[in-house]
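Student: Counting from 5, one number per residue, gives the positions in the sequence shown under the working numbering.
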Amino acid sequence: LTRPRPGHADLAGMQKYGFDDARPVLERASARETAARVALGALAQAFLRQAYGVELVSHVVALGGRHSPSPVLPGPQDTDRLDADPVRCFDSAASAAMVAEVDRAHRAGDTLGGIVEVLVFGLPPGLGSHVHWDRRLDARLAGALMGIPAIKGVELGEGFALAGVPGSRAHDEIVPGEDGLRRASARSGGVEGGISTGEPLRVRAAMKPIATVPRALATVDVATGDTAVAHHQRSDVCAVPAAAVVAQAVTALVVADAALEKFGGDSVAETSRNHRTYLSHLAIK
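(1) Measuring only the C-alpha atoms, how far is L166 from P28?
(2) With respect to the alpha helix (DSSP H) encompassing E31, which residues constitute its N-terminal and C-terminal limits?
(3) With DSSP run on the structure shown, which of helix, strand or coil describes V76?
(4) Could you pull the start and end residues of the beta strand (DSSP E) that T6 belongs to?
(5) So, P306 versus G202, is the Cβ gap smaller than 8 Å?
(6) What is the DSSP secondary structure of T201, counted as helix, strand or coil?
(7) Can you tell me where the beta strand (DSSP E) with V135 in it begins and where it stops?
(8) Are L30 and V124 touching if we call contact CB-CB under 8 Å?
(9) Does the distance from the C-beta atom of D95 to that of S62 stay below 8 Å?
(10) Between which two residues does the beta strand (DSSP E) containing S62 stretch?
(11) With A148 and L257 assumed to form a contact (beta carbons below 8 Å), what rounded beta-carbon distance in angstroms separates them?
(12) Can you determine whether any heavy atom of the ligand SAM sits closer than 7 Å to the C-beta of K289, and answer yes or no?
(13) Taking the straight line between their C-alpha atoms, what separation do you get for A262 and S271?
(14) Name, in chain order, the residues that DSSP records as bridge partners for C242.
(15) Compare the C-alpha of P153 against each of S284, A100, S99, E37 and name the closest.
(16) Three-state secondary structure (DSSP) at E265?
(17) Can the beta-carbon of V120 be found less than 8 Å from the beta-carbon of A247?
(18) DSSP three-state call for L286: helix, strand or coil?
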């Protein structure tokens with residue numbers, strides 16, 4: 005395979021490792037490797053649920069040029085409904101429009117990207133830290149999500165939109181609640197200063213269209229130096245719904261790691277007890 009595909013790891017990988025064939029790069033860069041992370045993420049989710057009562061859910065909020073307009077967010081109780089939806093979208097009308105968009109791209113020999121969102125419910129305040137860059141919960145989440153093939157951007161809460169508003173409308177005001185202090189809005193996505201706030205965590209990842217485009221793009225045959233069309237092999241039109249599942253899994257792994265870092269313990273019972281004790285002794289609630 006000497007005709008590297010634009011947007012894929014083919015050419016850069018061949019240059020880095022001195023390959024004269026893109027096949028070793030193509031196979032190792034495949035999103036198939038995320039299967040292991042999804043399996044591990046399933047265990048992490050079961051652990052978080054059992055030890056701390058933490059639940060995760062993921063959904064597709066945009067696919068191609070179609071967006072879900074619903075202001076209502078799905079919860080853990082909506083998992084079966086999302087699993088049954090062909091594009092994992094919580095809004096039924098938007099889901100139908102997204103399916104139609106995929107069908108159009110398929111007929112046109114093209115591929116589509118989109119945006120996925122992961123929500124984490126039941127987190128306590130205090131996971132992560134402001135002390136060092138590598139302990140910040142948002143940095144750890146961003147790194148894990150950017151490690152998913154084809155992900156090109158990550159935001160927490162309202163993320164990029166906050167860059168266009170004044171500070172008076174960018175932050176979550178603190179108000180008294182029934183069980184302690186709460187945030188009046190959710191612009192930060194549940195993380196402030198690299199630390200979980202106790203509000204639902206909300207993180208989004210933007211996935212570019214798949215690089216293996218049936219309507220192949222221009223490239224150069226590195227064996228001859230001649231211009232050519234890129235190699236094409238069987239690929240999906242859109243992998244955004246699958247990316248939502250992967251994003252949920254890697255988010256669970258990061259959160260489980262941060263929770264164990266905070267609460268420790270040599271058994272589920274011990275770490276669960278440590279979690280309950282921490283919550284009952286918070287100096288500020």
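Ideal placement from N, C-alpha and C gives every residue a C-beta, glycine not left out.
Tutor: According to the structure data:
(1) 41 Å
(2) 27-32
(3) coil
(4) Run containing T6: none; DSSP gives neither H nor E here.
(5) Only positions 5 to 289 of the chain appear in this structure, which leaves residue 306 out of reach.
(6) strand
(7) It is not in any beta strand (DSSP E) - V135 carries neither H nor E in the DSSP assignment.
(8) no
(9) no
(10) 59-67
(11) 7 Å
(12) With respect to small molecules bound, the structure shown includes none, and the ligand SAM cannot be examined in it.
(13) 16 Å
(14) L116
(15) E37
(16) helix
(17) yes
(18) coil
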